[in-house]
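Participant: The numbers in UniProt numbering rise by one with no breaks, and the one at position 81 of the sequence shown is 81. The beta carbon of each residue, even a glycine, is placed where N, CA and C say it ideally should be. As the structure is a computational prediction, the values presented were derived from the model and not from experiment. Let me begin by handing over the structure; questions about it come next.
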Amino acid sequence: MTNGTIAAKIISDAILDRSNDYATFFTPARRQADPFARKFVSVNADVAKHLVKGKLDNTKDDFSELHVNEAVVTRIDGRRTGVFKDANNQIHMVDTTCTHLGCEVAWNDAEQSWDCPCHGSRFSYTGEVIEGPAKRPLKKIDRID
Ligand code: FES
1 MTNGTIAAKI ISDAILDRSN DYATFFTPAR RQADPFARKF VSVNADVAKH LVKGKLDNTK
61 DDFSELHVNE AVVTRIDGRR TGVFKDANNQ IHMVDTTCTH LGCEVAWNDA EQSWDCPCHG
121 SRFSYTGEVI EGPAKRPLKK IDRID
């Protein structure tokens, strides 16, 4: 609505050969991409890349050879699964799909957590939320023996 009013004023001033302070803001020659817009596009392209890459990941490691405090991503019944062996040799398995917007988490060996590359959510090895934006834990997967 506001732009329509300004456009009418700019056009009428152009017809009457008068200057208009707003004309420079709306000229087609102003195309200089806003740095924020470029960053926004770049970040979201990266999120899309991680989202697609995570879904296509074809890791098929055997977790029976996992060491203590080590994790691996594998597929169980076609579902991408994060597998972690704790200090008591207990295996913990989680669905690696982030509960925020569905990207695939990856194991962060230094922090011993499942981290989402898209928006930074972090989950413990049992899938509990350490840090958002995700609010729900990763889905636990029952042990298959
Ligand atoms: S999809 Fe994982 S934090 Fe957004």
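Can you pull every residue whose C-beta falls closer than 5 Å to some heavy atom of ligand 1, listed in chain order?
Facilitator: That gives 98, 100, 101, 103, 116, 118, 119 and 121.
Participant: Could you check whether residue 141 and residue 95 sit closer than 9 Å to each other, using their CB atoms as the reference points?
Facilitator: Going by C-beta atoms, residue 95 is nearer than 9 Å to residue 141.
Participant: For residue 38, is the classification buried or exposed, using 16 other Cβ atoms within 10 angstroms of its Cβ as the cut-off for buried?
Facilitator: With fewer than 16 Cβ atoms within 10 Å of its Cβ, residue 38 is classed as exposed.
Participant: Less than 8 Å between C-beta atoms, sequence neighbours within five positions excluded: which residues of the same chain meet that for residue 6?
Facilitator: For residue 6, where only same-chain residues beyond five positions count, the Cβ hits under 8 Å are 22 and 26.
Participant: With a cut-off of 8 Å on the beta carbons, I'd call residue 134 and residue 107 a contact; round off their distance for me.
Facilitator: Contact doesn't hold; Cβ gap of about 16 Å is too wide.
Participant: List the residues that DSSP assigns as beta-bridge partners of residue 92.
Facilitator: In DSSP, residue 92 forms a bridge with 84.
Participant: Reducing DSSP to helix, strand and coil, say where residue 146 ends up.
Facilitator: In the structure as shown, the chain starts at 1 and stops at 145, and residue 146 therefore has no counterpart that could be examined.
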